[in-house]
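K.L.:
Quick one: this structure, given as structure tokens, is what I'll be asking you about.
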Ligand SMILES: [Zn+2]
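In my numbering, the protein residues as written are 1 to 216.
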């Protein structure tokens, strides 16, 4: 449905469940599948109208910008890839996957889609979700469902370790698709905002080990 208070030309809300579910962690498999179908269908509709980039994102918790308690995602129609995507290096994801394997940063894996702690995360427990063998600009239907399952699994683990923390996640696509998940466990202050230097107090190996041991 259209966002009631759009900040962009076109902005939509995807309701994840008819049940009153507050967290992505509580969604059922068929609800994740329906969400994946909605994201793909709206990306296609956006492209047909000249919006080449669909920014799909989940904000969970008030401190992460969510104004609705019911689990939902937002789809922002953009004419082109946003700066965060345009600024990512060619081959950057392949490099990240390599570093994640070398330093035991993997948290969980379903089929060929894994979640791992970012080796240089801005905030504690920053996660990247990607398919290591099948890099592609946009995940095919089945792969997007698995990616959302991995996101749910990771959020469940995060809640076991840190409680129901607010978080943001989004799909980056166009080069090599991946999902980024950023728990909001720290406040951005003068160093982060002013210098662009992020002080992360939890080493990624430590974060990954904690999430691995928290069975979802
Ligand atoms: Zn990215």
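Note that the Cβ used here is the ideal one computed from N, Cα and C, for glycine as well. Just so you know, these numbers come straight off a predicted model, no measurement behind them.
If I measure Cβ to Cβ from residue 170 and keep anything under 8 angstroms in the same chain, skipping five residues before and after, which residues do I get?
P.N.:
Same-chain partners within the cutoff: 55, 56, 57, 58, 179, 180.
K.L.:
Considering only heavy atoms of ligand 1, does any lie closer than 8 angstroms to the CB of residue 155?
P.N.:
Checking the Cβ of residue 155 against ligand 1 gives no.
K.L.:
From which residue to which residue does the beta strand (DSSP E) around residue 109 run?
P.N.:
Per DSSP, residue 109 belongs to the beta strand (DSSP E) from 106 to 110.
K.L.:
Does the beta carbon of residue 88 fall short of 8 angstroms from some heavy atom of ligand 1?
P.N.:
At least one heavy atom of ligand 1 is nearer than 8 angstroms to the Cβ of residue 88, so yes.
K.L.:
Skipping 5 residues on each side, what residues in its chain have a beta carbon closer than 8 angstroms to that of residue 119?
P.N.:
Cβ neighbours of residue 119 beyond the five flanking positions: 96, 99, 100, 103, 105, 204.
K.L.:
Nearest CA to the CA of residue 148: which residue from 198, 1, 30, 3?
P.N.:
The candidate whose alpha carbon is nearest that of residue 148 is 30.
K.L.:
For a test of the three-state rule: what should DSSP assign to residue 78, helix, strand or coil?
P.N.:
Of the three classes helix, strand and coil, the one that applies to residue 78 here is strand, per DSSP.
K.L.:
Can the beta-carbon of residue 198 be found less than 9 angstroms from the beta-carbon of residue 122?
P.N.:
Yes; because the gap between Cβ atoms is below 9 angstroms, this pair is in contact.
K.L.:
Helix, strand or coil for residue 183 per DSSP?
P.N.:
Strand.
K.L.:
Could you give the first and the last residue of the continuous beta strand (DSSP E) run that contains residue 21?
P.N.:
Note, residue 21: premise wrong, no beta strand (DSSP E); not H, not E.
K.L.:
Please check the pair residue 62 and residue 166, which I expect to be a contact at CB under 8 angstroms, by giving their CB distance rounded to whole angstroms.
P.N.:
The pair is a contact, with the Cβ atoms about 7 angstroms apart (cut-off 8 angstroms).
K.L.:
Taking only the alpha-carbon atoms, compute the straight-line gap between residue 125 and residue 207 and give it to the nearest angstrom.
P.N.:
Rounded to whole angstroms, residue 125 to residue 207 spans 6 angstroms at the Cα level.
K.L.:
How about residue 218: is its Cβ closer than 8 angstroms to a heavy atom in ligand 1?
P.N.:
Shown here, the chain extends from 1 to 216; a query on residue 218 therefore has no answer.
K.L.:
DSSP has residue 127 in a bridge; who is on the other side?
P.N.:
117, 181.
K.L.:
Given that a residue counts as buried once 16 or more other Cβ atoms are within 10 Å of its Cβ, and exposed if not, what is residue 12?
P.N.:
Its Cβ being crowded by 16 or more others within 10 Å, residue 12 is buried.
K.L.:
Are there any heavy atoms of ligand 1 lying less than 8 angstroms away from the beta-carbon of residue 180, as far as the coordinates show?
P.N.:
True, at least one ligand heavy atom lies under 8 angstroms from that Cβ.
K.L.:
Please classify residue 60 as buried or exposed, where buried requires at least 16 other C-beta atoms within 10 Å of its C-beta.
P.N.:
Flag for residue 60 reads buried.
K.L.:
Alpha carbons only, please: which of 21, 86, 27 is nearest the one belonging to residue 68?
P.N.:
Checked all of 21, 86, 27; the closest Cα to residue 68 is 21.
K.L.:
Is it buried or exposed, residue 139, if we count other Cβ atoms within 10 angstroms and call 16 or more buried?
P.N.:
By the 10 Å Cβ count, residue 139 comes out buried.
K.L.:
Going by beta carbon distance, what residues of the same chain come within less than 6 angstroms of residue 33, once the five residues before and after it are set aside?
P.N.:
Excluding positions up to five away in sequence, the list reads 145.
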